[in-house]
Amino acid sequence: MNEALRILQSYWGYTQFRSPLDEIIDHILKGNVTLALLPTGGGKSICFQVPGLMREGVCIVISPLIALMKDQVENLKKRGILAEAIYSGMSFQEIDLYLNNALNGGLKFLYVSPERLKTDIFLERFKNMQISLLAVDEAHCISQWGPSFRPEYDMLRSLRQSFPGVPIGAFTATADEATRRDIVAKIFGGAAEVYVAGFDRPNLQPAVSPKDNAKEQLLDFLDGRAGQPGIVYALSRKSTEEWASFLVSKGFRAIAYHAGMNAEDRAEAQSLFMTEKGIIVCATIAFGMGIDKPDVRFVFHADLPSSLDAYYQEIGRAGRDGHPADVKMVYGLGDIQLRRRFIDQEEGGDERRRREHKRLDALVAYCEAPECRRQNLLLYFGEESPPCGNCDVCLNPVHLVDGTAEALWVLEAVKTTGQRFGASHIADILVGKGNEKADALRHTELPVFGIGKAHGRQHWQSMIRQLVGGGYLALDVAGYGGLSISPKGIALGRGEGAFRYREDPARTSRKAERARRMIAAVEDGAVSDELLQRLKALRAKLARERKVPAYVVFTDRTLIDMAAKRPLTRWDFGEVHGVGESKLQQFAGVFLAEIARYVQRESGVPAAARPQS
0 MNEALRILQS YWGYTQFRSP LDEIIDHILK GNVTLALLPT GGGKSICFQV
50 PGLMREGVCI VISPLIALMK DQVENLKKRG ILAEAIYSGM SFQEIDLYLN
100 NALNGGLKFL YVSPERLKTD IFLERFKNMQ ISLLAVDEAH CISQWGPSFR
150 PEYDMLRSLR QSFPGVPIGA FTATADEATR RDIVAKIFGG AAEVYVAGFD
200 RPNLQPAVSP KDNAKEQLLD FLDGRAGQPG IVYALSRKST EEWASFLVSK
250 GFRAIAYHAG MNAEDRAEAQ SLFMTEKGII VCATIAFGMG IDKPDVRFVF
300 HADLPSSLDA YYQEIGRAGR DGHPADVKMV YGLGDIQLRR RFIDQEEGGD
350 ERRRREHKRL DALVAYCEAP ECRRQNLLLY FGEESPPCGN CDVCLNPVHL
400 VDGTAEALWV LEAVKTTGQR FGASHIADIL VGKGNEKADA LRHTELPVFG
450 IGKAHGRQHW QSMIRQLVGG GYLALDVAGY GGLSISPKGI ALGRGEGAFR
500 YREDPARTSR KAERARRMIA AVEDGAVSDE LLQRLKALRA KLARERKVPA
550 YVVFTDRTLI DMAAKRPLTR WDFGEVHGVG ESKLQQFAGV FLAEIARYVQ
600 RESGVPAAAR PQS
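With the first letter of the sequence shown counted as 1, position 521 gets the number 520 in numbering that gives the first Met the number 0; the numbers rise by one all the way through.
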């Protein structure tokens, strides 16, 4: 390992390996087969790049995405390491040149997709190539993409036969127990050394909310985050473009990214995100894998991810610098229905579909969990931990209410309407809202019609969502989202067990919430109402001049903090919440002058004598 440490220090500047990287590298150097699960930013690439530099020959890295290949190759080249990638769109001459370089010792690393491994030109060159190591990056793809999205991943099961005697390493940041078994079975024939490092990312603050008005929820989330880089994940290509347009209309710097864009546009979007400040990328899952931007301050899921594995992978793009970052997800019944439909439409057999439904069940349970988010997430990956004290549930503990009687009303409404109607119709029945369909089907004559009118429609929709999340109701994903009673729900109807649910807090509008903050700050004596109103008037004037929304200048939270701290120097102004370098340069002078005038008038003592730098 002395040589490994020398290479680590020479190329990466580190003096020692963090555990268990040293064990993994030592195992690979001995020629053993290895599966390593390391958290995002935990040194996965070093695990195969250091051995690749130590062993004679070229290291073949099998990687799923062009962006991921380009990013790693660029990083290796910056360190003076000979590396290239072969991917779709390259000419035959380029491919031929890179393969010849690898064959003749001109490369230490060659990145390829799994599809390339089976082409004639590759198979012919590989016969005479000295291969030092085979590394399968993002190895979870062999289990989760193989049968449907990327069938070529299943071909990797022949690696050991095709390259006898060559060490093989598989690496990923996320894989549940079933996925690990799948990787070991398919790549290593059922036997491999498995290393699992901790999955915890304590600097991330996770939160989940029922989807109400997703656009308003995103704006609420972004309040106070102007100028911060982040990612908004959405399910479809069209929706990423809609989200980007919406955010631009609200004064944010936002761009779309999805697989349907041409390569040039995708590269430009990625470059903007990596090099410019305050860019928000609205993306499908096509974005992020291999994007090593350390200062992503938030990830917002506008739609439900496919599984907890995917969720962990996606939120892992935030806070890689170790500083605090926020991750928020909003979801509803429609998301669950759509995800289940996707699973049922996949190829790959009944067993795979059963497994994917179970993975989705685990994600829904995480969303509805009344206990610590982080504890639930880590437990899914087989890691126990105490409550984190940093997620939405820990910070605002959930109060569970006995809702068995109300749950039975829901089950009765589902049963007596024929177990084929969706949540909206069932909620209408319970609150007693008649319509043409209910009248025609005589649902208005049912005993449960109007039985729950003491509660609003939103209450019943929340109750139904939690009954689905708890497994008491099932969604007809093949049809139109009709609800039916599951075996667990039938047992509840027989009096077996109880149902406890979380009361969703009433959601206030952004305008009402802003007013509430202002009033509370004044009533608490934290700020002067007069000074706050003067700062608001100045903000409105500057916003009109720039033709932007007022919050683009400063958010209410910033103005409240400014009124409380009353900064009189540029240094103090820079300490106000939400004031970054750009805002300091643009607005320090005018706001400091306004605050100085107020302080001077209030005290009768000239404030200008204090230095302004």
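Each residue gets a CB set at the ideal place from its N, CA and C atoms; glycine is no exception.
Burial state of His26 is buried, judged by a 10 Å Cβ sphere holding 16 or more other Cβ atoms.
Apart from sequence neighbours up to five positions away, the residues of its chain that approach Phe553 with a beta-carbon distance below 6 Å are Arg538, ordered along the chain. Rounded to whole angstroms, Gly259 and Tyr379 show a C-alpha spacing of 33 Å. A Cβ-Cβ distance of about 4 Å is found for the pair Gln418 and Ser483, placing them in contact under the 8 Å criterion. Approximately 5 Å separates the beta-carbon atoms of Ser208 and Val329; this is inside 8 Å, confirming the contact. Using a Cβ distance threshold of 8 Å, Arg456 and Gly331 do not count as a contacting pair. DSSP places Val135 in the uninterrupted beta strand (DSSP E) bounded by 130 to 135. When Cβ pairs closer than 8 Å are counted between the two stretches, the segment 311 to 323 is seen not to touch the segment 262 to 271, the count staying below three.
Looking from the CA of Phe125, the closest CA among Gly579, Phe572, Ser90, Val165 belongs to Val165.
Using a Cβ distance threshold of 8 Å, Tyr500 and Met561 do not count as a contacting pair. With fewer than 16 other CB atoms across the displayed protein chains lying within 10 angstroms of its CB, Pro293 is exposed.
Exposed is the label assigned to Ile120, since fewer than 16 other Cβ atoms lie within 10 Å of its Cβ. For His322, the number of other beta carbons within 10 angstroms of its own is below 16, and it is reported as exposed. Judged by DSSP in its simplified three-state form, Ala453 adopts coil rather than helix or strand.
Residue range 349 to 367 is occupied by the alpha helix (DSSP H) that includes Leu362. As computed with DSSP, Lys327 is found in a beta bridge with Ala206, Phe299.
Going by beta carbons, Gly469 and Glu367 fall inside the 8 Å limit. In the structure shown, Thr403 adopts helical secondary structure according to DSSP, grouped into three states.
Assignment of Thr415 by DSSP, reduced to helix, strand and coil, places it in the helix class. In the displayed model, Thr283 falls within coil according to three-state DSSP, outside both helix and strand.
Cys58 sits away from Lys117, with the two beta carbons spaced by 8 Å or more.
Straight-line spacing of the CA atoms in Phe272 and Phe162 works out to 39 Å. At the C-beta level, Ala225 and Tyr256 stay beyond 8 Å of one another. Excluding residues up to 5 positions away in sequence, Thr554 lie with their Cβ nearer than 6 Å to the Cβ of Asp222 in the same chain. In this structure, DSSP gives Arg180 a helical state, which the three-state scheme calls helix.
Taken through DSSP and simplified to helix, strand or coil, Ala84 comes out as strand.
Beyond the five residues adjoining it in sequence on each side, Ala437 comes within less than 6 Å, by CB distance, of Thr443 in the same chain, given in chain order. Within the segment 533 to 559, the runs of alpha helix (DSSP H) that reach at least 4 residues and sit entirely inside it are, in chain order, 549 to 552.
DSSP, reduced to helix, strand and coil, places Cys46 within a helical segment of the structure shown. For Tyr379, the enclosing alpha helix (DSSP H) begins and ends at 372 to 379. In the DSSP assignment, Leu109 falls within the beta strand (DSSP E) that extends over 108 to 111. Its Cα nearest to that of Leu394, the residue Arg373 stands out among Gly348, Arg373, Leu133. Counting C-beta atoms within 10 angstroms of its own C-beta, Lys237 has fewer than 16 neighbours from the protein chains shown and is therefore classed as exposed. Of the candidates Gly42, Phe170, Asn389, Leu28, Gly42 places its Cα closest to the Cα of Phe16. In this structure Pro548 is not in contact with Lys276, their Cβ atoms being roughly 19 Å apart against a cut-off of 8 Å. Residue pairing of Val231 in beta bridges, as defined by DSSP: Cys281, Phe299.
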